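Chains as they are written, first to last, in my numbering: chain A, 473 to 832; chain B, 7 to 305; chain C, 294 to 554. C-beta: ideal position from N, C-alpha, C; glycine also. All values reported here derive from a predicted model rather than from experimental measurement.
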Amino acid sequence: MSFLVLADIRKNYGPQTVVQKFDLNVERGEFVSFLGPSGCGKTTTLRMVAGFEIPTAGSIKIDGKEITRLHPNKRNVGMVFQSYALFPNMTVAENVAFGLKIAKKPAAEIKSRVDEMLNIVKLPHLAGRYPYQLSGGQQQRVALARAIAIKPKVLLLDEPLSALDAKIRVSLREEIRSLQRALGITTIYVTHDQEEALSMSDRIVVMNEGRVEQIGAPFEIYNQPKTRFVASFVGTLNVLKGEVVDSAAGRLRVDGQELIAARSMPPTNAGEPCLLALRPEAATISAGSQTGPDRGLNHMTGTIEEVSFLGSVVRIRVRFKENAISLDTFNNPNAAPPERGAQVTVTFAREDILVLEGAA
Amino acid sequence: MAQDAQLSQKPAAASLQLSQKTWAWIGVTPFFIFALMFLILPTVDLMIGAFQDPDGNFTLQNLANLNSPTIISAYVISLKVSIASALTGAVFGFFMAYAAVLGGLPQWIRPTLMTFSGVASNFAGLPLAFAFIATLGRVGLVTVLARDWLGFNLYGTGFNLLSFWGLTITYLYFQIPLMVLIIAPALDGLKREWREASEILGASRWQYWRHVAFPILWPSILGTTLLLFANSFGAVATAYALTGSSLNIVTILLYAQIRGDVLHDQGLGYALALGMILITGLSNGAYIWLRQRSERWLR
Amino acid sequence: MTQARLGSWIAIVLGTLYFVIPLIGTFEFSMKMRRGEYSFDAYRVVLNDPQFQATFAYSTVLALATIVVGVVLVVPTAYWIQLRLPKLRPLVEFITLMPLVIPAIVIVFGYIRLYNSSSILPMTSHARATDLLLTFSYVTLALPYMYRAVDTGLRSIDVRTLTEAAENLGAGWPTILFRVILPNVRSAILSGAFLTFAIVIGEFTMASLLNRPAFGVYLQNIGANRAYEPSALAIIAFLVTWACMGLINVFGRGKQIKAAP
Numbered sequence: 473m474s475f476l477v478l479a480d481i482r483k484n485y486g487p488q489t490v491v492q493k494f495d496l497n498v499e500r501g502e503f504v505s506f507l508g509p510s511g512c513g514k515t516t517t518l519r520m521v522a523g524f525e526i527p528t529a530g531s532i533k534i535d536g537k538e539i540t541r542l543h544p545n546k547r548n549v550g551m552v553f554q555s556y557a558l559f560p561n562m563t564v565a566e567n568v569a570f571g572l573k574i575a576k577k578p579a580a581e582i583k584s585r586v587d588e589m590l591n592i593v594k595l596p597h598l599a600g601r602y603p604y605q606l607s608g609g610q611q612q613r614v615a616l617a618r619a620i621a622i623k624p625k626v627l628l629l630d631e632p633l634s635a636l637d638a639k640i641r642v643s644l645r646e647e648i649r650s651l652q653r654a655l656g657i658t659t660i661y662v663t664h665d666q667e668e669a670l671s672m673s674d675r676i677v678v679m680n681e682g683r684v685e686q687i688g689a690p691f692e693i694y695n696q697p698k699t700r701f702v703a704s705f706v707g708t709l710n711v712l713k714g715e716v717v718d719s720a721a722g723r724l725r726v727d728g729q730e731l732i733a734a735r736s737m738p739p740t741n742a743g744e745p746c747l748l749a750l751r752p753e754a755a756t757i758s759a760g761s762q763t764g765p766d767r768g769l770n771h772m773t774g775t776i777e778e779v780s781f782l783g784s785v786v787r788i789r790v791r792f793k794e795n796a797i798s799l800d801t802f803n804n805p806n807a808a809p810p811e812r813g814a815q816v817t818v819t820f821a822r823e824d825i826l827v828l829e830g831a832a
Numbered sequence: 007m008a009q010d011a012q013l014s015q016k017p018a019a020a021s022l023q024l025s026q027k028t029w030a031w032i033g034v035t036p037f038f039i040f041a042l043m044f045l046i047l048p049t050v051d052l053m054i055g056a057f058q059d060p061d062g063n064f065t066l067q068n069l070a071n072l073n074s075p076t077i078i079s080a081y082v083i084s085l086k087v088s089i090a091s092a093l094t095g096a097v098f099g100f101f102m103a104y105a106a107v108l109g110g111l112p113q114w115i116r117p118t119l120m121t122f123s124g125v126a127s128n129f130a131g132l133p134l135a136f137a138f139i140a141t142l143g144r145v146g147l148v149t150v151l152a153r154d155w156l157g158f159n160l161y162g163t164g165f166n167l168l169s170f171w172g173l174t175i176t177y178l179y180f181q182i183p184l185m186v187l188i189i190a191p192a193l194d195g196l197k198r199e200w201r202e203a204s205e206i207l208g209a210s211r212w213q214y215w216r217h218v219a220f221p222i223l224w225p226s227i228l229g230t231t232l233l234l235f236a237n238s239f240g241a242v243a244t245a246y247a248l249t250g251s252s253l254n255i256v257t258i259l260l261y262a263q264i265r266g267d268v269l270h271d272q273g274l275g276y277a278l279a280l281g282m283i284l285i286t287g288l289s290n291g292a293y294i295w296l297r298q299r300s301e302r303w304l305r
Numbered sequence: 294m295t296q297a298r299l300g301s302w303i304a305i306v307l308g309t310l311y312f313v314i315p316l317i318g319t320f321e322f323s324m325k326m327r328r329g330e331y332s333f334d335a336y337r338v339v340l341n342d343p344q345f346q347a348t349f350a351y352s353t354v355l356a357l358a359t360i361v362v363g364v365v366l367v368v369p370t371a372y373w374i375q376l377r378l379p380k381l382r383p384l385v386e387f388i389t390l391m392p393l394v395i396p397a398i399v400i401v402f403g404y405i406r407l408y409n410s411s412s413i414l415p416m417t418s419h420a421r422a423t424d425l426l427l428t429f430s431y432v433t434l435a436l437p438y439m440y441r442a443v444d445t446g447l448r449s450i451d452v453r454t455l456t457e458a459a460e461n462l463g464a465g466w467p468t469i470l471f472r473v474i475l476p477n478v479r480s481a482i483l484s485g486a487f488l489t490f491a492i493v494i495g496e497f498t499m500a501s502l503l504n505r506p507a508f509g510v511y512l513q514n515i516g517a518n519r520a521y522e523p524s525a526l527a528i529i530a531f532l533v534t535w536a537c538m539g540l541i542n543v544f545g546r547g548k549q550i551k552a553a554p
């Protein structure tokens, strides 16, 4: 029995459906991210777990107990807000102690717990400061300490790092993850930053326009995206428009050049258009003009359209006819990057071509 | 050649800068002259006058003369009316602002209340007095209706519009709107996330108000109450129209003194004014200090 | 309905009653001039009263003068402070707060002492000079609001950048002031102007102590001597105040609509 269960959750605001059919089972101690663009419903779903929104349909259970309509202050759930939401009239220590004070814990216990929490987030020296005297990163750590001080069953984080500088984001990201692992708290993390989601999560729920697009581990989401949206939202992706030659054999044609895809495709008529995805790191480039499938590899001939020297990486765009793909090669200090206009062969394995659900 | 052009530009720019600053000083001079002549000097002169005897020598006698029964009683009544109208205005104004901003009422109530408060807070002075005479005076609408519909004789209870309570109730007409106008933005400043954060940490609504919202708001509430107090203390016209000279409050006393030297002592008049300046000055100074403090927290 | 919402409704309803009943009472009373029936007689008497017309005209003229003097004083000051003399800002703000701290009666008392017939500047000895003095006293009353409105207006249009752009294009400071700055703070000035009008029209204390025939003095006279006319005047005054506030809203909102493309 999973620790946190969201079953068939839906949320409507009048005629507008904001979350459609959300199902998720989270194991105890798992770190799950909700990833998606603004307006996709990820924050609304999080707020339903917190209790600030009531689902129009469906149920939420924590540790077997039904909490769908329970008041937020009775759920024993911790939450970290995007804007930190520290109480400005209280010191750091008082902020962290707040939940314990409300729960009427004895003073000695409160003090020791607050000290412990501040040590965990490495801010014991700021206990007497007020929020307006702290930097953004410090405020967020205090917010984290405050949320876990009450030993919540589930920890919810609503884009906690969006308001911070890039460098602090990266270091805080690692801190949050290691803290979560050490304490073993079941966690839900909402973000629109795919790098955050990929690096921190045990599993990711990719959402778009209220729908769940895919649920899976980061490796799976990145390398085996199920839909075009997931493929394009997570990582960079080349999308090619082609047509089906023989769906049973996996034969496709792009700009007049033949390819074979190794992964299975739903049965499609010959001549039907299809969308193909290719990760830039899956393709390699070489001189010459080979084309067509050959021993498990696909080759396509194209012309170099643009070469961007990015330092350790050289990004090359190769154009076929209608389609073009971007691929990355490492900088070679002993060889100049290829020239624009040169004819090259692009090579990639059959397994690397993904046929996407949904046409152009 | 390009360099020459650059060099020749620099000194011109420098001289332009210099004359611009001078222009600025010239530009603000009328304001400062005006402020000096029509704000600062009159006030300072008045305060000096409080310490002068008729021949112009320094004396503390004027201040000592404040200690007369008429004057003390005037100050006492002024203070009572000001405190009563400030506290009552603050409480009712707070609840009305709360109801409009956070009370979950229909959207149109807030702008209507704000507009009306803007009008009502300026509707002080004589017309206000006339309005209340027409309503709560001896033959006022409410007095008459209370007698005819409820059998309740308002004036039989000893109530009199031309008295301490009457004045207080009348003053509320501009005190409450002033409180609403100032406190509504402060209530806006209460971020929704604070309420949610407190809830998720287990607090009830009442606990949120007690531990978070009121502590954040109290500088504004207290400050505005002090503003209301000073506002009431310095008001003349309404009181004059309501009570003529029958209610002995400081402003009316001062008014009578300026008009007709009823105290037969110029210096005493100045001392009265000095007392007023001190009271309203302290009160408003505290309001400004409190406002700055709460702004710092809510950054 | 939740308990909290019920409480909010009660507060609003009680408040509304408190504010509306006096208006109803005043209006009802003002209609009772003709024995036995409701009529607008009181209004007719008042509006036809030459004293009403004279004092209202006098106060209107003074209000306009106050607005002009106020604008001339405040706009350049706010402009230069924002642009070149930011260090003087606290001093200027303190000055603009003084009229709120010091009651009007004290200010006019100071004028009488300082500018009476035996001083260097005997402004109270001549009628016109006293009119000027009264105007200046009204300017001090309106100063806080006028300054705040214009200052906020200037801040919202980023004066510094506008000025630099204009200078870059070759404009001298009069051009900048009249063609660039003033048009943009027009709505702030208008807001300040209407507020000033509302303040001056009903002002009593200063006018009465300086012995000038202002509308406020007329009101007090009527109030002391007549029965029904004061109520009519109160309703008229309320409508004028309402109109002023309404116009402020119109001009304030107008600016916002223009700013959103």
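Out of Thr353/C, Trp466/C, Ala491/C and Ala420/C, state which residue places its alpha-carbon closest to the alpha-carbon of Leu434/C.
-> Distances from the CA of Leu434/C to each of Thr353/C, Trp466/C, Ala491/C and Ala420/C were compared; the closest alpha carbon is that of Ala491/C.
Please report the residue range of the alpha helix (DSSP H) in which Lys573/A lies.
-> Segment Val564 to Ile574, the alpha helix (DSSP H) holding Lys573/A.
Beta-carbon contacts of Gly656/A that lie in its chain and below 6 Å, excluding the five residues immediately before and after | The beta carbon of Gly656/A lies closer than 6 Å to those of Gly501 in the same chain, with the five residues before and after it left out.
How many angstroms separate the CA atom of Glu581/A from the CA atom of Gly600/A?
-> Annotation: Glu581/A to Gly600/A spans about 18 Å, alpha carbon to alpha carbon.
Which residues does DSSP pair with Tyr485/A in a beta bridge?
-> Its beta-bridge partners are Gln488/A.
Does any residue of chain A bring its CB to less than 8 Å from the CB of Gln113/B?
-> Between Gln113/B and chain A, the shortest Cβ-Cβ separation is not below 8 Å.
Could you say if the region 420-436 of chain C and the region 39-54 of chain B meet the contact criterion of at least three C-beta pairs nearer than 8 Å?
-> Yes, since at least three Cβ pairs between the region 420-436 of chain C and the region 39-54 of chain B fall closer than 8 Å, the two stretches touch.
Closest by CA to Ser332/C, which one among Tyr521/C, Leu462/C and Thr417/C?
-> Of the candidates Tyr521/C, Leu462/C and Thr417/C, the one whose C-alpha sits nearest the C-alpha of Ser332/C is Tyr521/C.
Using the beta-carbon of each residue, which ones in chain B are nearer than 8 Å to Met551/A?
-> The contacting residues are Glu202, Ala203 and Ile206.
Exposed or buried, Ile413/C, counting other C-beta atoms within 10 Å across all chains shown (16 or more means buried)?
-> So Ile413/C ends up on the exposed side.
Using the Cα positions of Ile640/A and Leu178/B, report the straight-line distance between them to the nearest angstrom.
-> Looking at the two C-alpha atoms, the distance is approximately 53 Å.
Taking a Cβ distance cut-off of 7 Å, strictly less, list which residues of the region 44-73 of chain B are near chain C, in chain order.
-> So the close ones are Phe44, Leu45, Leu47, Pro48, Thr49, Asp51, Leu52 and Gly55.
Expressed to the nearest angstrom, what Euclidean distance is found between the alpha-carbon atoms of Asp424/C and Ala356/C?
-> Their Cα atoms are separated by approximately 11 Å.
If you drop the 5 nearest sequence neighbours on each side, which residues of the same chain put their C-beta closer than 7 Å to that of Ala105/B?
-> If we look at Ala105/B and ignore the five residues flanking it on each side, its Cβ neighbours are Leu111.
Span of the alpha helix (DSSP H) around Ser449/C = Counting along the chain, the alpha helix (DSSP H) containing Ser449/C begins and ends at Ala420 to Ser449.
Please determine if the region 528-535 of chain C and the region 117-133 of chain B are in contact, where contact requires at least 3 C-beta pairs separated by less than 8 Å.
-> The region 528-535 of chain C, when compared against the region 117-133 of chain B, does touch it at the 8 Å Cβ threshold.
Would you please verify whether the beta carbon of Ile622/A is less than 8 Å from any beta carbon of chain B?
-> Under the Cβ criterion of 8 Å, Ile622/A is counted among the residues facing chain B.
Could you list the residues in the region 248-265 of chain B with a C-beta less than 8 Å from some C-beta on chain C, going in chain order?
-> Here the close residues are Gly250, Thr257, Leu260, Tyr261, Ile264 and Arg265.
Do you know whose CA, among Gly768/A, Thr775/A, Pro745/A and Glu753/A, lies nearest Ala759/A's CA?
-> Of the candidates Gly768/A, Thr775/A, Pro745/A and Glu753/A, the residue whose Cα lies closest to the Cα of Ala759/A is Thr775/A.
Selected residue, minimal CA-CA separation from Arg337/C, among Met326/C, Ala347/C and Glu330/C = Closest by alpha carbon: Met326/C.
In the DSSP assignment, what residue or residues form a beta bridge with Ile687/A?
-> BP columns for Ile687/A point to Val677/A.
Taking Cβ positions only, does Phe820/A come closer than 8 Å to chain B?
-> Not flagged as an interface residue toward chain B: Phe820/A, since no C-beta distance is shorter than 8 Å.
Which of the residues in the region 143-164 of chain B, read from start to end, lie with their CB under 7 Å from any CB of chain C?
-> Correct list: Gly146, Leu147 and Val148.
Are there three or more Cβ pairs, one per stretch, closer than 8 Å when the region 564-579 of chain A is compared with the region 515-530 of chain A?
-> Contact fails: fewer than three Cβ-Cβ distances are below 8 Å.
What does Ile36/B reach in chain C if we use C-beta pairs closer than 9 Å?
-> Per the sequence presented here, residue 36/B reads as Pro, with Ile not at that position. Around Pro36/B, the beta-carbon contacts reaching into chain C at under 9 Å are Val365, Leu366, Pro369 and Thr370.
Val34/B and Thr370/C closer than 8 Å at C-beta | Taking 8 Å as the Cβ cut-off, Val34/B and Thr370/C qualify as a contacting pair.
For Met282/B, which residues of its own chain have a beta-carbon under 8 Å away from its beta-carbon, when the five flanking residues on both sides are left out?
-> So the list reads Phe239, Gly240, Val256, Thr257 and Leu260, once near-sequence residues are dropped.
Of all the CB atoms in chain C, is at least one closer than 8 Å to the CB of Ser300/B?
-> Any Cβ of chain C closer than 8 Å to the Cβ of Ser300/B would place that residue at the interface, and such an atom is absent.
Report the three-state DSSP secondary structure of Val242/B (helix, strand or coil).
-> In this structure, Val242/B counts as coil in the three-state DSSP scheme.
Pick from Ala720/A, Pro809/A and Asn710/A that is closest to Val726/A, judged by C-alpha positions | The residue from Ala720/A, Pro809/A and Asn710/A with its alpha-carbon nearest to that of Val726/A is Asn710/A.
Locate the beta strand (DSSP E) running through Thr775/A, then write down its first and last residues.
-> Taken as a continuous stretch (DSSP letters only), the beta strand (DSSP E) holding Thr775/A covers Leu769 to Phe781.
Rounded separation between Asn729/A and Val786/A - CA only | According to the sequence shown, residue 729/A is Gln rather than Asn. About 26 Å.
Using a beta-carbon distance cut-off of less than 9 Å, what residues from the region 534-551 of chain A approach chain B?
-> Cβ contacts with chain B come from His543, Pro544, Asn545, Lys546, Arg547, Asn548, Val549, Gly550 and Met551.
Where do the N-terminal and C-terminal ends of the beta strand (DSSP E) with Asp630/A fall, by residue?
-> Where Asp630/A is concerned, the enclosing beta strand (DSSP E) stretches over Val626 to Asp630.
Which whole-angstrom value is the C-beta distance of Leu142/B and Leu253/B, which I expect to be below 8 Å?
-> At roughly 15 Å, the Cβ-Cβ gap does not stay under 8 Å, so Leu142/B and Leu253/B are not in contact.
With distances taken between CB atoms, is the gap from Phe475/A to Val490/A smaller than 8 Å?
-> Their beta carbons are not under 8 Å apart, which means Phe475/A does not touch Val490/A by this criterion.
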